[in-house]
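Basically the numbering used here = 1-based index in the sequence shown + 14.
Heads up, the beta-carbon is just placed ideally off N, CA and C, and yes, glycines get one too.
Please read all numbers here as calculations on a predicted model, not as lab measurements.
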Amino acid sequence: MTITPSQNRTLFNELAAVLRGGQLLFPDDAAYEQVRQLWNGRVKTRPAAIARCLTVQDVIHTVRWTRAHGLPLSVRGAGHEIFGRSLRENGVVIDLSQMRSVTIDPVARTAQIQAGATMGNLIEAAEKYGLATATGTISGVGMTGLTLGGGYGPLIGAYGLVADNLLSAQVVTADGRLVTANAEEHPDLFWGLRGGGGNFGIVVSLEYRLHPLTTVLSGLLLYPVDQARTVLHRFNEFIATAPDELTITSGFLQTPDGATVLFLSPTYCGAPEAGEQVIAPLRTFGTLLVDQVQPVTYNDLIHGLDAFTPAGRHYYLQTQSLDGFQTETINALIEHGLPLPSPFSMINVHNFHGAASRVGASETAFALRQDHLMVELIAAWEPQSPDDEQRHIQWAQHISQALAPYAFKGGYINLLDEKEQERVPLAFGSNYERLLDLKRKYDPDDVFHSTIGHLTPKEKS
Ligand SMILES: Cc1cc2nc3c(=O)[nH]c(=O)nc-3n(C[C@H](O)[C@H](O)[C@H](O)COP(=O)(O)OP(=O)(O)OC[C@H]3O[C@@H](n4cnc5c(N)ncnc54)[C@H](O)[C@@H]3O)c2cc1C
Numbered sequence: 015m016t017i018t019p020s021q022n023r024t025l026f027n028e029l030a031a032v033l034r035g036g037q038l039l040f041p042d043d044a045a046y047e048q049v050r051q052l053w054n055g056r057v058k059t060r061p062a063a064i065a066r067c068l069t070v071q072d073v074i075h076t077v078r079w080t081r082a083h084g085l086p087l088s089v090r091g092a093g094h095e096i097f098g099r100s101l102r103e104n105g106v107v108i109d110l111s112q113m114r115s116v117t118i119d120p121v122a123r124t125a126q127i128q129a130g131a132t133m134g135n136l137i138e139a140a141e142k143y144g145l146a147t148a149t150g151t152i153s154g155v156g157m158t159g160l161t162l163g164g165g166y167g168p169l170i171g172a173y174g175l176v177a178d179n180l181l182s183a184q185v186v187t188a189d190g191r192l193v194t195a196n197a198e199e200h201p202d203l204f205w206g207l208r209g210g211g212g213n214f215g216i217v218v219s220l221e222y223r224l225h226p227l228t229t230v231l232s233g234l235l236l237y238p239v240d241q242a243r244t245v246l247h248r249f250n251e252f253i254a255t256a257p258d259e260l261t262i263t264s265g266f267l268q269t270p271d272g273a274t275v276l277f278l279s280p281t282y283c284g285a286p287e288a289g290e291q292v293i294a295p296l297r298t299f300g301t302l303l304v305d306q307v308q309p310v311t312y313n314d315l316i317h318g319l320d321a322f323t324p325a326g327r328h329y330y331l332q333t334q335s336l337d338g339f340q341t342e343t344i345n346a347l348i349e350h351g352l353p354l355p356s357p358f359s360m361i362n363v364h365n366f367h368g369a370a371s372r373v374g375a376s377e378t379a380f381a382l383r384q385d386h387l388m389v390e391l392i393a394a395w396e397p398q399s400p401d402d403e404q405r406h407i408q409w410a411q412h413i414s415q416a417l418a419p420y421a422f423k424g425g426y427i428n429l430l431d432e433k434e435q436e437r438v439p440l441a442f443g444s445n446y447e448r449l450l451d452l453k454r455k456y457d458p459d460d461v462f463h464s465t466i467g468h469l470t471p472k473e474k475s
């Protein structure tokens, strides 16, 4: 069903009347364009209405009303999904970005968040009590989207994926019921929420385990690009025995003076003195151009990385997951990845290891539970250079294809291009059938169609 702007207000009067505190925005409202914007300025999708929910009841009413009228529905948290699946053309968006409160229980060491909370919201609230949990790397990313896909980050070795720290969630199902999912209640749904994507309902709140942590030893180490082969080989040997407390992000970026450099970005979350010793060998891997490693609060570390990925720029991304850096993959990165296509583009590699690798492949929906490197090929260009789009997309796709023969067949569902739907079953591996069963149980009509890692309940029974 397609709705014209003029039909909008009449059709939606009923929904507007039942929202408690929430607000409906239409394309001709002054605030619409600003609220519609996602982190990736390239996404131009225009929904028919945006329901800015403030309460769980707002979410329930909007799900029921939207379904009763047969309209496409999507869910938006912090709006950082790269391909824009939190918006659907002519659909209704359930926008949770104003539901972002965080409550810390310092005794139980838990955090309760509303589903629109960002990583930054949680980190800032927990820091006041000397606590933190596993997060991703950029403060504006939504905790919910991050958790539903898994959640790689700088504390992964010590605390596991973000999803591994989830204790409980409240979910509005496709039929508008509010259910709790945890180890005791709806354990099947709880299993699926930890890596299975936003396929089963709208999460309205989440509870996380917290860990004592305020300061980490972290920062960039930069090496000349012509030493990249040597440094990456040594890095590959080093991470095989690195302690859980140390997680190292690596990759290529361009410095402000235009030089392309190789970077290692270690984060050590144990005692800083021990960390200095553990990190010391990294300084001998090549000629250090820059050494910024120092004690820093976790909060400052995460906010310090925001400048690399401002909202509004145009982005395209491809990923491949490797079991390590071998000669072939290092060659592919250097020969096909460099030079980077713009000063803002980068190659960023997460190191999955430690606590995250010790969780069994069937314990949560996130299936790739062995040590690996998740390579992000991030193309970024300014909106005023639309001619650059194809060149940037081709750059990312080209290296991705060069890495593919050496990569795991699936990938990280949070970062799969919507045109890569065939990689979704491979990413879930032996968990895929169980996830389809969950989909049939909780969302048989495929209401949450626009989600990351989209599962289709096509084999309806
Ligand atoms: C700058 C940047 C940095 C990133 N860094 C990392 C990183 O360090 N580690 C990592 O693992 N990933 C990272 N990602 C990827 C990130 O995990 C995904 O893009 C994630 O989907 C973002 O979540 P969001 O809530 O902000 O997204 P949104 O765009 O708001 O939502 C995306 C999708 O998530 C689902 N979803 C969101 N909220 C809900 C909800 N309440 N209920 C049900 N479904 C929901 C829906 O399917 C929705 O379409 C990064 C992305 C960006 C843009």
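Residue i: which of the options sits nearest, CA to CA?
| i | options | result |
| --- | --- | --- |
| Ala418 | Pro439, Arg448, Glu342 | Glu342 |
| Leu227 | Ala44, Val155, Leu235, Ile137 | Ile137 |
| Thr147 | Ile118, Ala129, Gly467 | Ile118 |
| Ser88 | Thr151, Asn345, Phe214 | Phe214 |
| His94 | Glu434, Glu436, Pro439, Leu429 | Leu429 |
| Asn179 | Gln332, Gly144, Ala125, Ala441 | Ala125 |
| Gln411 | Lys433, Asp451, Ser399 | Lys433 |
| Thr274 | Phe322, Leu296, Leu220, Leu352 | Leu352 |
| Trp409 | Leu382, Pro355, Val389 | Pro355 |
| Asp42 | Gly55, Pro270, Ile64, Val57 | Ile64 |
| His247 | Thr298, Ser399, Gln435, Gly233 | Thr298 |
| Asn313 | Lys142, Arg66, Gln51, Gly55 | Lys142 |
Is there at least one non-hydrogen atom of ligand 1 closer than 7 Å to the beta-carbon of residue i?
| i | result |
| --- | --- |
| Asn428 | yes |
| Gly425 | no |
| Thr93 | First, the amino acid is wrong: residue 93 is Gly here, not Thr. Because some heavy atom of ligand 1 lies under 7 Å away, the Cβ of Gly93 counts as near it: yes. |
| Gly206 | no |
| Arg99 | yes |
| Ser1 | Since the first residue shown for the chain is 15 and the last is 475, residue 1 is missing from the structure and cannot be characterised. |
| Ser153 | no |
| Trp53 | yes |
| Pro216 | Sequence check: residue 216 is Ile here, not Pro. Checking the Cβ of Ile216 against ligand 1 gives yes. |
| Val89 | yes |
| Thr158 | yes |
| Ser115 | no |
| Leu136 | no |
| Thr378 | no |
Would you kindly work out how many angstroms separate the C-alpha atoms of residue i and residue j, rounded to a whole number?
| i | j | result |
| --- | --- | --- |
| Gly443 | Val32 | 42 Å |
| Arg123 | His225 | 7 Å |
| Ala82 | Ala131 | 29 Å |
| Ser464 | Ser100 | 7 Å |
| Leu181 | Phe422 | 29 Å |
| Lys474 | Glu447 | The pLDDT assigned to Lys474 is 47, lower than 50, so where the model puts this residue is not dependable; a value taken from the coordinates is nonetheless given after this. Going by the C-alpha atoms only, they are around 12 Å apart. |
| Met113 | Val245 | 44 Å |
| Val461 | Leu162 | 17 Å |
| Ser153 | Thr80 | 32 Å |
| Gln415 | Met360 | 17 Å |
| Ala375 | Leu169 | 20 Å |
| Ile466 | Asp189 | 20 Å |
| Tyr330 | Ala256 | 32 Å |
| Tyr456 | Val304 | 51 Å |
| Phe26 | Ala129 | 24 Å |
| Ile96 | Arg327 | 11 Å |
| Gln241 | Thr69 | 54 Å |
| Val363 | Thr24 | 49 Å |
| Ile348 | Ile253 | 20 Å |
| His317 | Ala441 | 30 Å |
| Ile216 | Thr187 | 6 Å |
Look at the Cβ atom of residue i, then the Cβ atom of residue j, and state whether they are nearer than 8 Å.
| i | j | result |
| --- | --- | --- |
| Leu231 | Pro357 | no |
| Gly338 | Leu278 | no |
| Tyr222 | Phe366 | no |
| Ile127 | Val73 | no |
| Leu207 | Ala197 | no |
| Leu203 | Val218 | no |
| Ala393 | Asp258 | no |
| Ala92 | Val176 | no |
| Ala30 | Leu39 | no |
| Tyr426 | Thr311 | no |
| Ala346 | Gly209 | no |
| Leu160 | Gly150 | yes |
Looking at residue i and ligand 2, is the gap between the Cβ and the nearest heavy atom below 7 Å?
| i | result |
| --- | --- |
| Gly36 | Looking at this structure, you won't find ligand 2 anywhere; what it does contain is ligand 1. |
Subject >> alpha helix (DSSP H) segments (min. 4 residues) lying fully within the segment 138-170 >> reply: 157-163
**OP:** Would you mind listing the alpha helix (DSSP H) stretches within the segment 193-275 that are 4+ residues and don't spill past its ends, in chain order?
**Re:** 201-207, 242-253
**OP:** Ignoring anything shorter than 3 residues or poking outside the segment 60-85, list the beta strand (DSSP E) runs there in chain order.
**Re:** 63-66
Original post:
Which runs of the beta strand (DSSP E) spanning at least 3 residues fall entirely within the segment 92-122, listed in chain order?
Top reply: 106-109, 116-119
**OP:** Report the residue ranges of all beta strand (DSSP E) runs contained in full by the segment 291-342; include only those spanning at least 3 residues, in chain order.
**Re:** Here the runs fully enclosed are 308-311, 328-336.
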